[in-house]
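Residue numbering for the sequence shown follows the numbering used here, beginning at -16 and increasing consecutively.
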Amino acid sequence: MALTESNMLPIGTQAPNFHLLDTVTGNYRSLDDLKSDRATVIMFICNHCPFVIHVNPELVRMANEYRNQGVSFIAISSNDIESIPDDGPDQMRLVAKVLRFPFPYLFDKRQEVAKAYDAACTPDFYVFNGDLKLTYRGRLDKSRPGNSEALTGEDLRLAIDKTLVNQEILDQYPSAGCNIKWKST
């Protein structure tokens, strides 16, 4: 595991579309199918990363809380499953069911979506407004495995709240976690 920070995709970037396998339902889903006209949170996560495992409870809490406000959450795993078999679709489905993910968990087999979003690490978070323009990219909060900071989702919550009322998010800090496991070319 190499500690990696987010690439800071420019604010205002239009969300790249995708068509990916939903590992829970077995159907292919697109951004157009899953987006919200209020706010859409796209999360690059995976099964094995200790940084993701650490934040999973808060992701589930947040998605359940914000659902009533019309916010859509979408999780995507882009890791190369040749090098990390635990991040494959069958294991993703199991994790999603055990943790009761209230959001789709999509598999980016070709890694094209991670590249389009300039994703670098897991977890990596992006918030888009109702027009699918990027308003926030970065961390969930200050909490990391082994540090004394509480898992609150503070930064991502503030970003979603401000996006819902069309306010600019001034403080944006990169996320940090495991690097995305890219396929060798």
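For each residue, glycine too, the CB sits at the ideal point set by N, CA and C.
For residue i, three-class secondary structure by DSSP
{"i": "N39", "result": "helix"}
{"i": "N162", "result": "strand"}
{"i": "Y100", "result": "coil"}
{"i": "T146", "result": "helix"}
{"i": "D78", "result": "According to the sequence provided, residue 78 is Val. The question's Asp does not apply to it. Reduced to three states, the DSSP call for V78 is helix."}
{"i": "Y88", "result": "strand"}
{"i": "E48", "result": "helix"}
{"i": "E(-12)", "result": "strand"}
C-alpha gap between residue i and residue j, whole angstroms
{"i": "N39", "j": "L123", "result": "11 Å"}
{"i": "F86", "j": "E(-12)", "result": "24 Å"}
{"i": "Y100", "j": "G71", "result": "20 Å"}
{"i": "S13", "j": "D138", "result": "27 Å"}
{"i": "D154", "j": "P33", "result": "25 Å"}
{"i": "I67", "j": "H31", "result": "8 Å"}
{"i": "I163", "j": "K18", "result": "24 Å"}
{"i": "L82", "j": "E48", "result": "16 Å"}
{"i": "L3", "j": "N149", "result": "29 Å"}
{"i": "A133", "j": "D144", "result": "20 Å"}
{"i": "C161", "j": "L141", "result": "24 Å"}
{"i": "R59", "j": "M75", "result": "According to the sequence displayed, residue 59 carries Ile and not Arg. If I take the Cα positions, the gap works out to 10 Å."}
{"i": "Q52", "j": "N112", "result": "13 Å"}
{"i": "L115", "j": "E151", "result": "15 Å"}
{"i": "I57", "j": "D5", "result": "10 Å"}
{"i": "C104", "j": "F1", "result": "19 Å"}
{"i": "D20", "j": "F84", "result": "21 Å"}
{"i": "G9", "j": "K80", "result": "13 Å"}
{"i": "A46", "j": "D73", "result": "22 Å"}
Residue of the options minimising C-alpha distance to residue i
{"i": "G136", "options": "N149, V148, G121 and Q150", "result": "G121"}
{"i": "E95", "options": "P(-1), P(-7), G(-5) and I(-6)", "result": "P(-1)"}
{"i": "A22", "options": "E132, I28 and V110", "result": "V110"}
{"i": "M(-9)", "options": "Q74, D5, G9 and F108", "result": "F108"}
{"i": "D16", "options": "H37, S55, V35 and R44", "result": "S55"}
{"i": "A102", "options": "M26, F1 and K125", "result": "M26"}
{"i": "L89", "options": "N62, D114, E151 and Q(-3)", "result": "N62"}
{"i": "P106", "options": "L77, K80, K125 and T146", "result": "K125"}
{"i": "R93", "options": "D73, H37, K80 and W165", "result": "W165"}
{"i": "P157", "options": "D69, R127, D73 and F84", "result": "R127"}
{"i": "Y11", "options": "S131, D91 and D20", "result": "D91"}
{"i": "S167", "options": "E65, V35, G129 and T146", "result": "E65"}
{"i": "A159", "options": "I28, V43 and V24", "result": "I28"}
Assigned exposure category for residue i - 16 Cβ within 10 Å defines buried
{"i": "E41", "result": "buried"}
{"i": "L(-14)", "result": "exposed"}
{"i": "I(-6)", "result": "exposed"}
{"i": "L77", "result": "exposed"}
{"i": "T118", "result": "buried"}
Inset, instruction - Go through the region 102 to 144 residue by residue and report every complete run of the beta strand (DSSP E) that reaches 3 residues or more, in order. - result: Correct list: 107 to 112 and 117 to 121.
What are the start and end residues of each continuous beta strand (DSSP E) run of 3 or more residues lying completely inside the region -3 to 45, in chain order?
2 to 5, 11 to 13 and 22 to 27
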